[in-house]
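A.B. asks: Residue numbers (mature numbering (1 follows the signal peptide of the UniProt record, and there is no 0)): -31 to -1, 1 to 91.
Right, I'll just put the structure down here and ask away after.
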């Protein structure tokens, strides 16, 4: 009779003991705080904290600002290139012109008339 009682007791206590053992094993892991350099597992699913979200937002904002600035600089460089490219074509036309009074003014990038000093279109 005692062996039947001890078997039933053992069957009922074994799951409780296993649960208590697993809980005791997890206790140090649950007590550890998530600090810099430690390994932490989040349960909320996204894995982010408010600070990392704020850092990501600031980084994105800075990237967008520098992107806009780079776009402005590239647009300005393109305009300057187009201006010099047109000036090179105008200089060639001015120098190849049949008008003997036409000359190229390099400081203003214009084709001028020698007699009047006015701009001409060769």
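The beta carbon of each residue, even a glycine, is placed where N, CA and C say it ideally should be.
Suppose contacts are defined by Cβ-Cβ distances below 9 Å. Is residue 56 in contact with residue 78 by that definition?
C.D. replies: yes
A.B. asks: For residue 20, collect the residues of the same chain with a Cβ closer than 6 Å to its Cβ; drop the 5 residues on either side in sequence, then sort them by chain order.
C.D. replies: none
A.B. asks: On the DSSP bridge list, what partners appear for residue 118?
C.D. replies: Given that the chain is displayed from residue -31 to residue 91, the structure contains no residue 118 and the question cannot be resolved.
A.B. asks: How far does the alpha helix (DSSP H) with residue 18 in it extend, from its first residue to its last?
C.D. replies: Residue 18 -> no alpha helix (DSSP H), and no H or E assigned at all.
A.B. asks: Give the straight-line distance between the Cα atoms of residue -27 and residue -15, rounded to the nearest whole angstrom.
C.D. replies: 18 Å
A.B. asks: Restricting to Cα atoms, I'd like to know which of 43, 29, 90 and 32 is closest to residue 63.
C.D. replies: 90
A.B. asks: Provide the residue(s) that pair with residue 87 in DSSP beta bridges, ordered along the chain.
C.D. replies: Paired residue(s): none; residue 87 is not in a bridge.
A.B. asks: Going straight from the alpha carbon of residue 27 to that of residue 46, what length do you get?
C.D. replies: 29 Å
A.B. asks: Using a Cβ-Cβ cut-off of 7 Å (strictly less than) and excluding sequence neighbours within five positions of residue 71, which residues of its own chain qualify?
C.D. replies: Cβ within range, chain order: 63, 80, 82, 89 and 91.
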